[in-house]
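Read the structure below first, then the notes.
Numbering (our numbering), first residue to last: 371 to 488.
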């Protein structure tokens, strides 16, 4: 299973929390590993099956990379526009200006399917 989603804010927070629990002796390392594996599986499934929204990102592109079917974009002065349903993009749009930078990681769906099979 892919560890692609571990680098997001939620994944970072989970890793930090598990590190604290292991350091304090409240859980052991193998349990922390199983929690992270479960997180990877649930995030991949959720992104594939339950996320139906559509969004656009505008701003100054500072960095972009394409390595092993994974795109990474770092954008400053960003404006995010999202719609909760793809079918009606204009009716339920929401727009936010973002302070600081936005890091967006995009994974080819074919790559996720390949990783699932392993």
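C-beta: ideal position from N, C-alpha, C; glycine also.
Secondary structure of residue i, DSSP reduced to three states
| i | result |
| --- | --- |
| residue 429 | strand |
| residue 395 | coil |
| residue 385 | helix |
| residue 390 | helix |
| residue 478 | coil |
| residue 405 | helix |
Residues that DSSP places opposite residue i in a beta bridge
| i | result |
| --- | --- |
| residue 510 | Nothing about residue 510 can be reported from this structure: the residues present for the chain run from 371 to 488 only. |
| residue 473 | 444 |
Segment limits, alpha helix (DSSP H) that includes residue i
| i | result |
| --- | --- |
| residue 375 | That residue, residue 375, is in no alpha helix (DSSP H); it is neither H nor E in DSSP. |
Own chain, CB closer than 6 Å to residue i, minus 5 neighbours either side, in chain order
| i | result |
| --- | --- |
| residue 465 | 451 |
Neighbourhood of residue i by C-beta distance below 8 Å, restricted to the same chain and skipping five residues each side
| i | result |
| --- | --- |
| residue 440 | 374, 475, 476, 477, 478 and 481 |
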